[in-house]
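**Student:** Sharing a structure with you now.
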Amino acid sequence: MAASVACHVLGRSAHGPSRRCLHFVPHHAHPLLVAFSRLCAHGPLCHALALLENLAAAGLRADPVAVSRLIKLCVRHGTPSDGRLIHRYVHGGGSMGAHFASSLFVSNSLVSMYAKFGLLDDALRLFDGMPQKNVVSWTTVVAALANASGRKEEALAFFVAMLRDGVAPNMYTFSSVLGACSTPRMLTALHGSIVKVGLDSDVFVRSSLIDVYMKLGDLDGGRRVFDEMVTHDLIVWNSVIAGFAQSGDGAGAIELFVRMKEAGFLSNQGTLTSVLRACTGMVTLEVGRQVHAHVLKYDRDLTLHNALLDMYCKCGSLQDADALFSRMPQRDVISWSTMISGLAQNGRSVEALKVFHTMKSEGPRPNHVTMVGVLFACSHAGLVEDGWCYFRSMEKLFGIQPEREHCNCMVDLLGRAGKLDEAVKFIHEMNFQPDTVIWRTLLGACRMHKNADLAAYAAKEILKLEPDDQGSLILLSNTYAGLRQWEDAEKSWKVMRDRGVKKDPGRSWIELGKQVHIFIAGDLSHPCSEGIIQELRRLFSRVRNLGYTPQTEFVLQDLANEQKEDLLKYHSEKLAIAFGTMNVMEGKPIRIMKNLRICGDCHAFVKLVSKSEGKVIIIRDPVRFHHFQDGVCSCNDYW
DNA sequence: ATAGGGTTAG
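Heads up: the first sequence runs through residues 1 to 639, numbered per the UniProt record's numbering.
Set out below in structure tokens:
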């Protein structure tokens, strides 16, 4: 009966001469074995499994290579139960079990299969019981642990155990273990060993090296490995572009993208996703739109579409984001979360919460990131009660335990709303040890509501944890300056100077054509500076007619009023706006990105410019957006 | 039989 299945598969007579149709099956093999090998290679899986049972019954030993293929077939089909079945057959005792138990091929395949199904404990149990292990066995386990979340330490431990066992790592091992590398020191050591054993020319090893250098923040290191390579392939290009995009160097990423195309490589989904992320970081909407044209080819790639969606949100173009979101063929939790925080960051909190309600009824189950977006929406719209409600119910409704991020949102929510005492109470009662992020949030709220005592307390807590933190010293002196307590403000500046901490200058940038123009506070070195100063003068006289007076409280130092006005006049966003009103086409919004949060004086100025010039102005700071139109800002003066 | 790249918050 089984023999006739075999003959059917082979398409020849049961007793005819066997041919060498499959190279790994000896030509004198039993027809059942030949048939089995063929089924393992081409499927269908269920026939191969049925035949495996017959082989066991007939006492025949299948080729380990064929069994490995069969295991791979299970992985492709996504059926771990079939994999377990095979495991039981080949290790289950009997003559066949005894035969396969000693086959490294089969055991390694099984370990790999369990790992691919995420059944790491099964994989490790099998691995531990193996009488012999080779590089492949070790590498499989190291790779599995390096890819699993939170098990990187174990991956490294296995790597060390492997070396102690006298097994030499190969390029597969190194590219796997690099994924578990978490400190620059460790990376230096690994890179050293790789060079020593001469594996540094392997593209896989190199792309892993690039990736780790970049992820650890060493852009130059990654770039160096990249530049030393003789041959690049698409994935190596993608690694280095992604590295730049992820570490915030959007311009570097796009520059590399251009070089990649010059080198004759065609981009794929991965490349485009990183390029979009670079556009997101730089707020280059026009470049992003061009990328959108290429995205159309990949209408089934959700990751890519999510990156596109985020780009539109972060470039402040909510119409595009909305349109894309409603047209997307599929939406996952990331798409919904992106849309919710995108709306919230653009000052459209009510719509953000509406999307969240739609998501609850017809979308995927919200996760912790979704809830950060929801709480963010509440805090930036002053919806204290709603915020409490979502915070208290998230565990019961969605099984999401409040994490640090959510607590931080709550402190922000209470602090912004002026409930500073409640915010402090919340910090002391939450389930986490307060960290600098939380204290900094409180400090920001103190600055907003001019509470110097509490600000000093928060700043002290931050400096306990991070003695050289410049941000909190600046915030603290800002708070004192806002209260005109110049002595105290000066004192915290002195602390900064003594510690050698320098304030990051304010920077704003704007995209014009294919160029990004950068403006630095007080710096008039832009080639168009003369024109910009003239334009600023014109804008100032226009907004003065609408009631603008310089709000010198936003200048930190204790100077004469005129000097303060001079400092305010050349804040980077004012320079960028003058450049924008001069150059941005009629009917198009002026989009500006900046590295620091916008000050109150600039905010008032821009509101009036939007009115006097009849222009939509969109400014993105590191946290949120301000859409200025007709004298009003989307944040309702609440940021 | 084992290995490399891409999306959401702060």
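Every residue gets a Cβ at the ideal spot worked out from N, C-alpha and C, and that includes glycine.
It should be emphasised that the depicted structure is a prediction, and the values quoted were computed from it without experimental measurement.
#1: DSSP puts L512 in a beta bridge; with which residues?
#2: With DSSP collapsed to three states, give me the class of residue 647.
#3: Go through its chain and collect everything with a Cβ distance to I210's Cβ below 6 Å, but skip five positions before and after it.
#4: The alpha helix (DSSP H) spanning C171 covers which residue range?
#5: Less than 8 Å between the C-beta atoms of F159 and V177, yes or no?
#6: Expressed to the nearest angstrom, what Euclidean distance is found between the alpha-carbon atoms of L546 and L568?
#7: Assuming I427 is part of the alpha helix (DSSP H), what are its boundary residues?
#8: How would you label Q345, buried or exposed, when you count the other beta carbons within 10 angstroms and need 16 or more for buried?
#9: Quick one, are the C-beta atoms of M237 and T183 less than 8 Å apart?
#10: With a threshold of 7 Å on Cβ separation, who are the neighbours of G216 within its own chain once the five nearest residues in sequence on each side are excluded?
#11: Measuring only the C-alpha atoms, how far is Q534 from R277?
#12: Look up H23 in the DSSP assignment and say whether it is helix, strand or coil.
#13: Under the three-state reduction of DSSP, which class applies to H449: helix, strand or coil?
#14: Whole angstroms are fine: how far does the CA of E613 sit from the CA of E586?
#15: Given this structure, state the Cα-to-Cα distance separating M410 from D310, to the nearest angstrom.
#16: If you drop the 5 nearest sequence neighbours on each side, which residues of the same chain put their C-beta closer than 6 Å to that of V437?
#17: Keeping to the same chain, check which residues put their C-beta closer than 7 Å to that of A307; ignore five residues upstream and five downstream.
#18: Output needed for W138: all residues of its chain with C-beta closer than 6 Å, excluding positions within five of it in sequence on either side, in chain order.
#19: So what does K594 bridge to, in DSSP terms?
#20: Classify V623: buried if its beta carbon has 16 or more other beta carbons within 10 angstroms, exposed otherwise.
#21: Any chance you could list the alpha helix (DSSP H) runs of at least 4 consecutive residues sitting entirely within the UniProt repeat "PPR" (301-331), in chain order?
#22: Taking the alpha helix (DSSP H) that R620 belongs to, which residues open and close that run?
#23: Return the chain-ordered ranges of every beta strand (DSSP E) run that is complete within the segment 515-574 and spans a minimum of 3 residues.
#24: With the cut-off set at 8 Å, would you say D435 and R404 are in Cβ contact?
#25: Thinking just about the alpha-carbon of each residue, which of G248, L73, L234, M282 is nearest to the one in G264?
#26: When DSSP labels each residue in this structure, what does F628 get in the three-state scheme?
#27: Using only the alpha-carbon positions, how far apart do A245 and V142 sit?
#28: Just how far apart, CA to CA, sit S349 and A157?
#29: At the level of alpha carbons, what is the spacing between H406 and L375?
#30: Is the separation between the beta-carbon of I510 and that of R597 shorter than 8 Å?
#31: Going by alpha carbons, who is nearest to T280 out of N268, Y312, H305, N170?
#32: For the alpha helix (DSSP H) that M339 lies in, which residues bound it at each end?
#33: My assumption, with CB atoms under 8 Å, is that M593 sits in contact with V287. Please give the rounded CB distance.
#34: In the DSSP assignment, the alpha helix (DSSP H) including F204 goes from what residue to what residue?
#35: What is the DSSP secondary structure of S274, reduced to helix, strand or coil?
**Tutor:** In brief:
#1: Q515
#2: Limits of the chain in this structure are 1 at one end and 639 at the other, which puts residue 647 out of reach.
#3: G222, V225, F226, S239, V240
#4: Looking at the sequence shown, residue 171 is not Cys but Met. 171-178 is the extent of the alpha helix (DSSP H) around M171.
#5: yes
#6: 18 Å
#7: 420-429
#8: buried
#9: Looking at the sequence provided, one finds Trp at residue 237 rather than Met. For W237 and T183, no; Cβs fall outside 8 Å.
#10: According to the sequence displayed, residue 216 carries Leu and not Gly. Taken in chain order, the residues that qualify are P184, L187.
#11: 36 Å
#12: The predicted position of H23 is uncertain, since its pLDDT is 40 and thus under 50; no value can be drawn from it.
#13: coil
#14: 10 Å
#15: 24 Å
#16: N408
#17: T273, L276, R277
#18: M162, V167
#19: S508
#20: exposed
#21: 302-314, 318-327
#22: From DSSP, R620 is part of no alpha helix (DSSP H) but of the beta strand (DSSP E) over 617-620.
#23: 515-520
#24: yes
#25: L234
#26: strand
#27: 28 Å
#28: 47 Å
#29: 7 Å
#30: no
#31: Y312
#32: 333-345
#33: Not really, about 13 Å apart at Cβ, beyond 8 Å.
#34: 203-215
#35: helix
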